[in-house]
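A.B. asks: Protein chains in written order, with the working numbering: chain A, 21 to 451; chain B, 21 to 451.
This is the structure I have questions about; it appears just below.
The following block contains the structure:
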């Protein structure tokens, strides 16, 4: 029996995480299923930012680097992320963008330890987010290595002692497929390679345990599931075995800005990397954007009182399973193909359907107030041949009735054929 | 005759830029002479940021990348900086931090054109801001070059055909000394070197004409004289002769994030740099911090109606000259030594005095509501042997009476000896 909207209301009433929805300023009459691209605004953020602007900056001025703790933002926010990704206190900093942080950790990884000419590959997944591949290719070229792209299913057979670094995104941005961090890390270590994880689509979305998996480095994004605001700064983690080496100067990254220096206010001419993860900080942090991210992270501290990541994961799986069931049941014959793994353990917190007219269908859906997003099929993409409708499920604020309404509208868009209207096929600059 | 406070009031009354002070939310009973470290809050910023947070992010959500123009922020803000630094429209982008941008342009410069093993030096000034030296050293090491530090006065004699790149900060962060951009650029070009200018202490403070000087690359800071807020994103410029080469793929920087791609939303696996300066953009911009910077830049658009950079420069010179005269006249015998060039054409918009107890003296001054800053003498510093009291003059909002009051308080601090009080000698984490 396909669940009814009333069934969904019952699920919402029993949801232990339901109170958290009240922490967000959600636009009325919108079903927002794009928190995997840009998370929604926490209610606390506006007042906090006003305080930073008017009081800390406006009145405190330069003194606020100390008095308002701006100088410790990178570490403080890092600690608020650490527990979400299985890292320890003091092991994470927030700085720069995910791309810039990825460059830092790849450069640190590639120069770590003794050079071994036999290890000539950086291995990544063919359908990894392009910016990761661009950055990895940059680093590979600079060090005479080659970026080798493989399908996720080939990973196990493609790792050998010619691999220097394995760079993977934990949850694929198109399909939502979740990789087995522990197993892949172990397989890479077995051949002597280092492993870098991009947690852009997993931090705050699925349980992550970097230490348990024994990973080497990780980066991630502040503006998706962490609700840090548009372009929020990113984070970076390195396993303490790398940052706490006795010959700690060995772990170097070339973006050696002053705030990654051991004693930045000594203004010495020579660079000495800070102890621990702080050496991955470069320049002065964008304080307003950092403050907004902190508000997003603080909601997770509250979520901890409602069951934390295990509860979030349970709800995320339930939301996605409900969506898959509703869409597959109600939209039969409309050319939708599920590309996200059906097995909950193999997916993140999103569901993607391929559709030959995905762009127009998503535009029509957005016009009805259901916001997901669209990802075009790419020439290089060997996994699926068509465009994707992508729906992110953020258990902090998405209700079961929202999922029901989204499936209902998708059904209507396809059933009425309204997606064929000309206005839905015009692409804006950004999709 | 030493000017009186009344004389200063007369100067303020005649100041064509005086109305601009009303554009800033200045704390009462504070004389803020630290705009060269963190500029003050423009009045328009709080409302604009509230709009970005509540309306653009809160209600527009992901749609605001198009509808609110977030995706064009890097270029739009770049254009609002271009005219301040003698660059053309479309030649500047705002992105990342000054340190990160410096890395990009140095990497682009070092790989530009044919490799020439004879050119083995990156030359910079010994007392350049440390982060510039750290980044330059990183790039030098990566490319088998050596960072060679010289005194500013030795530059002319140290340039030869072994120099690949000259990296200089236009206005020295300690002394306020202003280098002759056109002459040094010409001298570097005469030996076949490329020139990178850091405009951190000059953009918005002194007239800059990168194109007239025929410079190669420039970077600069958004949170000092541009009043973009704490940690505001930075900017980057390249001369069009480099970005518009027929073999334009040649100009590469390794932070090849998706927003520097020619067609970022095609999500192709291979990186193709965007045309023009856009290739120096890397990841997703921190929108809140970008929006604040735009408010700072918009004040300069207003300043254009009050005489623009020439008027700002005239007032800056007059403010600094007044301060030097007042301090040197009134504080005789208190051990202050002017380290900023006395000749207006040779200084930026700050005045620094060396003092053996500079730290405590500045703390005592701050306690009186006059905020300048302190820079410790460093072991590597060959130019001066003691600590510096540093005063920045921002003609957009600093009045002549503020300068008089600052000198008056400095005199009182030294005359009373109150700086000897224990509370003024305790150093906080950040100074």
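No residue lacks a Cβ here, since even glycine has one placed at the ideal position from N, Cα and C.
Remember, predicted model here, so these are calculated numbers, not experimental data.
Please identify, using Cβ separations under 8 Å, the residues of the region 113-130 of chain A that lie next to chain B, in order along the chain.
C.D. replies: So the close ones are 116, 117, 118, 119, 120 and 123.
A.B. asks: Return the first residue and the last residue of the beta strand (DSSP E) that residue 240 of chain A is part of.
C.D. replies: From DSSP, the beta strand (DSSP E) with residue 240 of chain A extends over 237-240.
A.B. asks: In whole angstroms, what is the alpha-carbon distance linking residue 452 of chain B and residue 222 of chain A?
C.D. replies: Here chain B comprises residues numbered 21 to 451, so residue 452 of chain B is not present and cannot be evaluated.
A.B. asks: Excluding the 5 residues preceding and the 5 following residue 413 of chain A in the sequence, name in chain order all residues of the same chain whose CB lies nearer than 6 Å to its CB.
C.D. replies: Result list for residue 413 of chain A: 336, 339, 340 and 369, in chain order.
A.B. asks: Might you give, ordered along the chain, the residues of its own chain that have their beta carbon closer than 7 Å to the beta carbon of residue 449 of chain B, omitting 5 neighbours on each side?
C.D. replies: At residue 449 of chain B, the pLDDT of 47 sits below 50, so the modelled position is not reliable and the matter cannot be decided from this model.
A.B. asks: Since residue 347 of chain B and residue 381 of chain B should fall inside the 8 Å C-beta cutoff, what is the C-beta to C-beta distance between them, to a whole number of angstroms?
C.D. replies: At roughly 12 Å, the Cβ-Cβ gap does not stay under 8 Å, so residue 347 of chain B and residue 381 of chain B are not in contact.
A.B. asks: Between residue 245 of chain B and residue 56 of chain B, is the Cβ-Cβ spacing less than 8 Å?
C.D. replies: Yes.
A.B. asks: If you compare alpha carbons, which of A:64, A:278 and A:174 is closest to residue 158 of chain B?
C.D. replies: Comparing Cα-Cα distances from residue 158 of chain B to each of A:64, A:278 and A:174, the minimum goes to A:278.
A.B. asks: What are the partner residues of residue 281 of chain A, as DSSP defines its beta bridges?
C.D. replies: According to DSSP, residue 281 of chain A bridges with A:293.
A.B. asks: Can you name the start and end residues of the alpha helix (DSSP H) that residue 424 of chain A belongs to?
C.D. replies: 420-436 is the extent of the alpha helix (DSSP H) around residue 424 of chain A.
A.B. asks: Could you spell out where the alpha helix (DSSP H) holding residue 218 of chain A opens and where it closes?
C.D. replies: Element bounds for residue 218 of chain A: not the alpha helix (DSSP H) but the beta strand (DSSP E), 214-218.
A.B. asks: So with CB distances below 8 Å, who are the chain A contacts of residue 98 of chain B?
C.D. replies: The contacting residues do not exist; residue 98 of chain B stays about 16 Å from chain A at best.
A.B. asks: Residues of chain B with CB closer than 7 Å to the CB of residue 306 of chain A, please, in chain order.
C.D. replies: Simply 251, 252, 253, 306 and 309.
A.B. asks: I'd like to confirm the pairing. Which residues does DSSP put opposite residue 393 of chain A in its beta bridges?
C.D. replies: Paired residue(s): A:410.
A.B. asks: Just to make sure I have the definition right: I need the residues of chain A whose C-beta is within less than 8 Å of the C-beta of residue 60 of chain B. Which are they?
C.D. replies: Those within 8 Å of residue 60 of chain B in chain A are 78 and 81.
A.B. asks: Considering only residues of the same chain and omitting the five flanking positions on each side of residue 304 of chain A, which have a CB-CB separation below 7 Å?
C.D. replies: 279, listed in sequence order.
A.B. asks: Based on DSSP bridge pairs, tell me the residues matched to residue 370 of chain B.
C.D. replies: DSSP lists B:412 as partners of residue 370 of chain B.
A.B. asks: Could you name the residues of the same chain whose beta carbon sits closer than 6 Å to that of residue 406 of chain B, not counting the 5 residues immediately before and after it, in chain order?
C.D. replies: Closer than 6 Å at the Cβ level, and outside the excluded window around residue 406 of chain B, lie 374, 376 and 397.
A.B. asks: Which whole-angstrom value is the C-beta distance of residue 37 of chain B and residue 416 of chain B, which I expect to be below 8 Å?
C.D. replies: With 8 Å as the limit, residue 37 of chain B and residue 416 of chain B qualify as a contact, their Cβ atoms being about 7 Å apart.
A.B. asks: Starting from residue 88 of chain A, follow the alpha helix (DSSP H) in both directions and report where the run begins and ends.
C.D. replies: Taken as a continuous stretch (DSSP letters only), residue 88 of chain A belongs to no alpha helix (DSSP H), as it is neither H nor E.
A.B. asks: Hey, which unbroken runs of the alpha helix (DSSP H) at 4 residues or more fall wholly within the region 66-149 of chain B?
C.D. replies: Taking only runs of at least 4 residues, the alpha helix (DSSP H) segments lying wholly in the region 66-149 of chain B are 84-87, 93-102 and 118-130.
A.B. asks: Suppose you measure from the CA of residue 442 of chain A to the CA of residue 39 of chain B; what does that come to, to the nearest Å?
C.D. replies: About 52 Å.
A.B. asks: To the nearest angstrom, how far is the alpha carbon of residue 127 of chain A from that of residue 216 of chain B?
C.D. replies: Their backbone Cα atoms lie some 24 Å apart in a straight line.
A.B. asks: Would you mind giving the Cβ-Cβ distance between residue 165 of chain A and residue 144 of chain A, rounded to the nearest angstrom? I have them listed as a contact below 8 Å.
C.D. replies: Not really, about 12 Å apart at Cβ, beyond 8 Å.
A.B. asks: At the level of alpha carbons, what is the spacing between residue 351 of chain A and residue 195 of chain A?
C.D. replies: Cα-Cα distance, rounded: 19 Å.
A.B. asks: If contacts are defined as beta-carbon pairs under 8 Å, then residue 185 of chain A and residue 130 of chain A qualify, I think. What distance do you get, rounded to the angstrom?
C.D. replies: Indeed, because the Cβ distance is near 6 Å, the residues count as touching under 8 Å.
A.B. asks: Excluding the 5 residues flanking residue 437 of chain A on each side, which residues of the same chain have their C-beta closer than 8 Å to its C-beta?
C.D. replies: Nothing listed; no residue qualifies.
A.B. asks: Using a Cβ-Cβ cut-off of 8 Å, state whether residue 277 of chain A counts as contacting chain B.
C.D. replies: So, interface residue.
A.B. asks: Please report how far the alpha carbon of residue 111 of chain A lies from the alpha carbon of residue 237 of chain A, in whole angstroms.
C.D. replies: Rounded to the nearest angstrom, the two C-alpha atoms are 11 Å apart.
A.B. asks: Is it the case that the Cβ atoms of residue 391 of chain A and residue 32 of chain A are separated by a distance below 8 Å?
C.D. replies: Going by C-beta atoms, residue 391 of chain A is not nearer than 8 Å to residue 32 of chain A.
A.B. asks: Taking the alpha carbon of residue 229 of chain B as the point to measure from, which residue in B:242, B:200 and B:345 has its own alpha carbon closest?
C.D. replies: Here the closest residue by C-alpha is B:200.
A.B. asks: With respect to the beta strand (DSSP E) encompassing residue 44 of chain A, which residues constitute its N-terminal and C-terminal limits?
C.D. replies: Premise fails: residue 44 of chain A is in no beta strand (DSSP E) and is neither H nor E.
A.B. asks: How about residue 88 of chain A and residue 298 of chain A: do their beta carbons lie closer than 8 Å?
C.D. replies: No, these two residues do not count as a Cβ contact at 8 Å.
A.B. asks: Select from the region 291-303 of chain A all residues with a C-beta closer than 9 Å to any C-beta belonging to chain B, and list them in chain order.
C.D. replies: Within the region 291-303 of chain A, the qualifying residues are 291, 302 and 303.
A.B. asks: What in chain B is Cβ-close to residue 137 of chain A, meaning under 9 Å?
C.D. replies: Within 9 Å Cβ-Cβ: nothing; residue 137 of chain A doesn't reach chain B, min ~18 Å.
A.B. asks: By a C-beta neighbour count over all protein chains shown, 10 Å radius and 16 as the cutoff for buried, is residue 211 of chain B buried or exposed?
C.D. replies: Label assigned to residue 211 of chain B: exposed.
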